[in-house]
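Counting along the sequence shown from 1, when you hit position 142 you're at 142 in full-length UniProt numbering, and nothing is skipped either side.
Heads up, the beta-carbon is just placed ideally off N, CA and C, and yes, glycines get one too.
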Amino acid sequence: MLINSINIVHKMSHLSRLCGAVALSLTLLFNGAQVKAQDSVAAAGGGPAAATPAPSGGGDAEKGKALFTNNCAQCHAVTEEVVVGPGLKGIMQRTPGREWLHKWIRNSSAVIASGDPYANQVFNKFQKIQMSSFPNLTDADIDGILAYIDQASAPAQATVGGAGEAQARGGGGASAENGDGSISGPSELFTFVLVALLIVMLLVLGVLLVIVTILSRAVTPVTTEGVQTTAPLAQRLKEGLSSAFNNSTLRSIVIWLFILIATKESFDGLYSIGIQQGYAPKQPIAYSHKLHAGQYKIDCNYCHVGVNKGKSATIPSANICMNCHGVIKKESPEIQKIYAAIEQNRPIEWIRVHNLPDLAYFNHAQHVNVGNVQCQTCHGEIEKMEVVEQRSSLTMGWCIDCHRKTEVNTKDNAYYDKLVALHRKESKEPLKVANIGGLECSKCHY
Numbered sequence: 001m002l003i004n005s006i007n008i009v010h011k012m013s014h015l016s017r018l019c020g021a022v023a024l025s026l027t028l029l030f031n032g033a034q035v036k037a038q039d040s041v042a043a044a045g046g047g048p049a050a051a052t053p054a055p056s057g058g059g060d061a062e063k064g065k066a067l068f069t070n071n072c073a074q075c076h077a078v079t080e081e082v083v084v085g086p087g088l089k090g091i092m093q094r095t096p097g098r099e100w101l102h103k104w105i106r107n108s109s110a111v112i113a114s115g116d117p118y119a120n121q122v123f124n125k126f127q128k129i130q131m132s133s134f135p136n137l138t139d140a141d142i143d144g145i146l147a148y149i150d151q152a153s154a155p156a157q158a159t160v161g162g163a164g165e166a167q168a169r170g171g172g173g174a175s176a177e178n179g180d181g182s183i184s185g186p187s188e189l190f191t192f193v194l195v196a197l198l199i200v201m202l203l204v205l206g207v208l209l210v211i212v213t214i215l216s217r218a219v220t221p222v223t224t225e226g227v228q229t230t231a232p233l234a235q236r237l238k239e240g241l242s243s244a245f246n247n248s249t250l251r252s253i254v255i256w257l258f259i260l261i262a263t264k265e266s267f268d269g270l271y272s273i274g275i276q277q278g279y280a281p282k283q284p285i286a287y288s289h290k291l292h293a294g295q296y297k298i299d300c301n302y303c304h305v306g307v308n309k310g311k312s313a314t315i316p317s318a319n320i321c322m323n324c325h326g327v328i329k330k331e332s333p334e335i336q337k338i339y340a341a342i343e344q345n346r347p348i349e350w351i352r353v354h355n356l357p358d359l360a361y362f363n364h365a366q367h368v369n370v371g372n373v374q375c376q377t378c379h380g381e382i383e384k385m386e387v388v389e390q391r392s393s394l395t396m397g398w399c400i401d402c403h404r405k406t407e408v409n410t411k412d413n414a415y416y417d418k419l420v421a422l423h424r425k426e427s428k429e430p431l432k433v434a435n436i437g438g439l440e441c442s443k444c445h446y
């Protein structure tokens, strides 16, 4: 029996050494991830990628990209793929020329009516679908679109250090790369997980100590006046458990742990009331943002027309759907539901996903148009969602935290000049939404 007790103690000693080794390994991993990430960036060269040469034609490709996304991407691809109209790869080589394209884009109907042979060929080839006219686009705007098409359809070129940079950005979950290429410290999530693992390890160690103590007492023979007597194992286990239960220190630890866990779960339950994070209802029509916004790059503004103008982003009417589906996938059962709604003169009963309480005021135009907030900031990566779900909690704390962290874009905006001047007298930190009234109750509750 004594040998058994010694074996248990030895095993416990080995266990404690193992726990210490695990803690040391986690610490080394924590520090090593930072060093590895920094070494990866240094090995990658640390310099910016080689600049892509500007396409010929003198157009502003960056401006052209924005114009293409907002006006052309719904019907055309920069590749050879046919969406509604023809793919635009090599458009300059297969059309009569730049001046012809200027006329065609501004008013395709007039070019067709003039009897232009190429214009009529394209018109007839694509089922006589009338292309939208863009009379407000200048020559510079159209040249920018053409430059963007040439740039986007050109073969991808390898950049110096690209693989190394990608490896540095992708490797090492303990560190994050800043916008300027520097490596910040470990993420908050990594630190939290590390601390949680250490706490759990200590709790497990304490429980094992108690178990080993009970077992050692159970296997140790009872000594009475120098004579060892062997009691039944069940009796010794019962006595050991009874002794552990009567230990006031151990009993207090267990009770306090139970109280803390129960309190935490209660508060978590109370705080989750009214929060619909993860809500993803089945819609009456199986519309895929992953297909439309992700694969086909349809701009959000094309369907949600109110996002830059008013409080609500608005749900698209069936007429907007029919701009494309009047000719595309008409036989699809889901598209037939749109036809049925139009024929019966009834709205499509979409189910609202993102709901704010009536006591809270939110204006899309103020955030999207003025603040330049991207859709993904609040709605998550909508372009990757097959079924839309609420990704953010949308609680008051979530909004206030965003207002505290978000810097105001004051560049080239005279409205903020005086506010920036006053702010710089008191602080060297950038002007943030919280500094211009973003934490005032009346901003959202009135």
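- Item | Selected residue, minimal CA-CA separation from THR314, among MET385, ILE328, ALA365 | Numbered from 1 along the sequence shown, position 314 holds the residue referred to as residue 314. It is ALA365.
- Query: Three-state secondary structure (DSSP) at LYS411?
  - Reply: Residue mapping note: residue 411 aligns to position 411 of the sequence shown, counting from 1. For LYS411, the secondary structure class from DSSP, reduced to helix, strand or coil, is coil.
- ALA77 vs ALA147 beta-carbon contact at 9 angstroms: As a first step, residue 77 must be located in the sequence shown, where it is residue number 77. As a first step, residue 147 must be located in the sequence shown, where it is residue number 147. Not closer than 9 angstroms, so no.
- Taking the C-alpha atoms as reference points, what is the distance between SER317 and CYS303? For the purposes of this step, residue 317 is identified with residue 317 of the sequence shown, where counting begins at 1. For the purposes of this step, residue 303 is identified with residue 303 of the sequence shown, where counting begins at 1. The straight-line gap from Cα to Cα measures roughly 8 angstroms.
- Task: Look at the alpha carbon of MET388 and the alpha carbon of ASN319, and state the distance between them as a whole number of angstroms.
- Result: To locate residue 388, count along the sequence shown from 1; it is residue 388. To locate residue 319, count along the sequence shown from 1; it is residue 319. It is Val, not Met, that sits at residue 388 in the sequence shown. Rounded to whole angstroms, VAL388 and ASN319 show a C-alpha spacing of 21 angstroms.
- In angstroms, rounded to a whole number, what distance separates the CA positions of GLU81 and ILE149? Reading the sequence shown from its first residue, position 81 is the one you call residue 81. Reading the sequence shown from its first residue, position 149 is the one you call residue 149. Straight-line Cα distance between these residues: approximately 13 angstroms.
- Item | Environment of GLU383 [buried if 16+ CB atoms lie within 10 Å] | Position 383 of the sequence shown, counted from the start, is the residue given in the question as residue 383. With 16 or more other Cβ atoms within 10 Å, it is buried.
- Message: Mapping the DSSP letters down to three states, classify LYS418 as helix, strand or coil.
- Response: Looking up residue 418 in the sequence shown gives position 418. Helix at LYS418.
- Taking all protein chains shown into account, do 16 or more other C-beta atoms lie within 10 angstroms of the C-beta of residue 517, making it buried, or fewer, making it exposed? In the structure displayed, the chain extends from 1 to 446; residue 517 sits before or after that span and is not available.
- Query: Apart from the five residues on each side of it in sequence, which residues of its chain come closer than 6 angstroms, Cβ to Cβ, to residue 447?
  - Reply: Any property of residue 447 remains undetermined from this structure, which presents the chain solely from 1 to 446.
- Query: Once you ignore the five residues that flank CYS75 on each side, which residues in its own chain have a CB closer than 7 angstroms to its CB?
  - Reply: Translated into the one-based positions of the sequence shown, residue 75 becomes position 75. Closer than 7 angstroms at the Cβ level, and outside the excluded window around CYS75, lie VAL83, VAL84, GLY85.
- Message: Once the 5 residues before and after PRO357 are set aside, which same chain residues still bring their CB inside 8 angstroms of it?
- Response: In the sequence shown, counting from the first residue as 1, residue 357 sits at position 357. Around PRO357: GLY274.
- Inter-stretch contact (C-beta, 8 angstroms, three-pair minimum) for the segment 391-410 and the segment 435-445: A contact exists between the segment 391-410 and the segment 435-445.
- Just the C-alpha distance for GLN121 and ASP141, rounded to the nearest angstrom, thanks. As a working note, residue 121 is residue 121 in the sequence shown. As a working note, residue 141 is residue 141 in the sequence shown. The alpha-carbon atoms of GLN121 and ASP141 are separated by roughly 26 angstroms.
- Message: Within 10 Å of its beta-carbon, does ALA110 have 16 or more other beta-carbons around it, so buried, or fewer, so exposed?
- Response: In the sequence shown, residue 110 corresponds to position 110, counting from 1. Exposed is the call here.
- Query: Between GLU426 and the rest of its own chain, which residues show a CB-CB distance below 7 angstroms, the 5 nearest in sequence each way excluded?
  - Reply: In the sequence shown, residue 426 corresponds to position 426, counting from 1. Cβ within range, chain order: n/a, list empty.
- Query: What span of residues does the alpha helix (DSSP H) with VAL388 cover, start to end?
  - Reply: Sequence index remark: in the sequence shown, residue 388 carries index 388 (1-based). Element bounds for VAL388: n/a, residue is neither H nor E.
- Taking TRP104 as part of the alpha helix (DSSP H), name the residues at either end of that continuous run. As a first step, residue 104 is located in the sequence shown; it is residue number 104 there, counting from the start. TRP104 -> alpha helix (DSSP H) spans 98-106.
- Item | Alpha-carbon spacing of GLY371 relative to TYR271, whole angstroms | Within the sequence shown, numbered from 1, the residue matching residue 371 stands at position 371. Within the sequence shown, numbered from 1, the residue matching residue 271 stands at position 271. So the alpha carbons of these two residues sit roughly 29 angstroms apart.
- Under three-state DSSP, which class holds LYS432? By 1-based counting over the sequence shown, the position of residue 432 is 432. Strand at LYS432.
- Message: Is the beta carbon of THR69 closer than 9 angstroms to that of ASP299?
- Response: Along the sequence shown, read from residue 1 onward, the residue named residue 299 stands at position 299. Along the sequence shown, read from residue 1 onward, the residue named residue 69 stands at position 69. In this structure, THR69 lies closer than 9 angstroms to ASP299 by Cβ.
- Whole-angstrom Cβ separation of THR406 and LYS432, contact assumed at under 8 angstroms? Locating residue 406 in the sequence shown gives position 406, where the first residue counts as 1. Locating residue 432 in the sequence shown gives position 432, where the first residue counts as 1. Contact check for THR406 and LYS432: beta-carbon distance about 6 angstroms, within the 8 angstroms limit, so the pair qualifies.
- Message: Once the 5 residues before and after GLU334 are set aside, which same chain residues still bring their CB inside 7 angstroms of it?
- Response: Along the sequence shown, read from residue 1 onward, the residue named residue 334 stands at position 334. If you ignore the 5 residues before and after GLU334, its C-beta comes within less than 7 angstroms of the C-beta of ILE285, ALA286, all in its own chain and listed in chain order.
- Expressed to the nearest angstrom, what Euclidean distance is found between the alpha-carbon atoms of PRO96 and SER114? Sequence index remark: in the sequence shown, residue 96 carries index 96 (1-based). Sequence index remark: in the sequence shown, residue 114 carries index 114 (1-based). Here the alpha carbons of SER114 and PRO96 stand approximately 15 angstroms from one another.
- Query: Whole-angstrom Cβ separation of PRO135 and ARG106, contact assumed at under 8 angstroms?
  - Reply: One-based indexing of the sequence shown puts residue 135 at position 135. One-based indexing of the sequence shown puts residue 106 at position 106. With a beta-carbon spacing of about 5 angstroms, PRO135 and ARG106 fall inside the 8 angstroms limit used to define contacts.
- Item | Reference TRP100; option with closest CA among LYS89, ALA119, LYS238, GLY87 | Counting from 1 along the sequence shown, the entry for residue 100 is found at position 100. Closest by alpha carbon: ALA119.
- Task: Kindly indicate which three-state DSSP category MET131 falls into: helix, strand or coil?
- Result: Working through the sequence shown from its first residue, we reach residue 131 at position 131. Look at MET131 here: in three-state DSSP terms it is coil, with no helix or strand label.
- Which one of SER132, VAL254, GLU239 has the shortest CA to CA distance from VAL204? Counted from its first residue, the sequence shown places residue 204 at position 204. Of SER132, VAL254, GLU239, the residue nearest in Cα terms is VAL254.
- Runs of alpha helix (DSSP H) wholly within the segment 292-380 (minimum 4 residues, chain order): Entirely contained in the segment 292-380, the alpha helix (DSSP H) runs reaching 4 residues are, in chain order, 300-303, 318-325, 333-343, 375-379.
- Task: Label residue 450 either buried or exposed according to how many other C-beta atoms from any shown protein chain fall within 10 Å of its C-beta, with 16 as the threshold for buried.
- Result: Shown here, the chain extends from 1 to 446; a query on residue 450 therefore has no answer.
- Could you name the residues of the same chain whose beta carbon sits closer than 6 angstroms to that of LYS65, not counting the 5 residues immediately before and after it, in chain order? The sequence position of residue 65 within the sequence shown is 65, counting from 1. Sequence-distant partners of LYS65 (beyond 5 residues in either direction) whose C-beta falls short of 6 angstroms from its own C-beta, in its chain, are TYR148.
- Query: According to DSSP, is ILE400 helix, strand or coil?
  - Reply: If you number the sequence shown from 1, residue 400 lands on position 400. ILE400 falls in the helix class under three-state DSSP.
- Message: Going by beta-carbon coordinates alone, are ILE348 and MET322 separated by less than 9 angstroms?
- Response: Numbered from its first residue, the sequence shown carries residue 348 at position 348. Numbered from its first residue, the sequence shown carries residue 322 at position 322. No, they are not a contact pair.
- For LEU257, the nearest candidate out of ASN246, GLY269, VAL200 (CA to CA): For the purposes of this step, residue 257 is taken as residue 257 along the sequence shown, with counting starting at 1. Of the candidates ASN246, GLY269, VAL200, the residue whose Cα lies closest to the Cα of LEU257 is VAL200.
- Is SER288 near GLU386, with beta carbons less than 9 angstroms apart? As a first step, residue 288 must be located in the sequence shown, where it is residue number 288. As a first step, residue 386 must be located in the sequence shown, where it is residue number 386. A Cβ-Cβ contact shorter than 9 angstroms links SER288 with GLU386.
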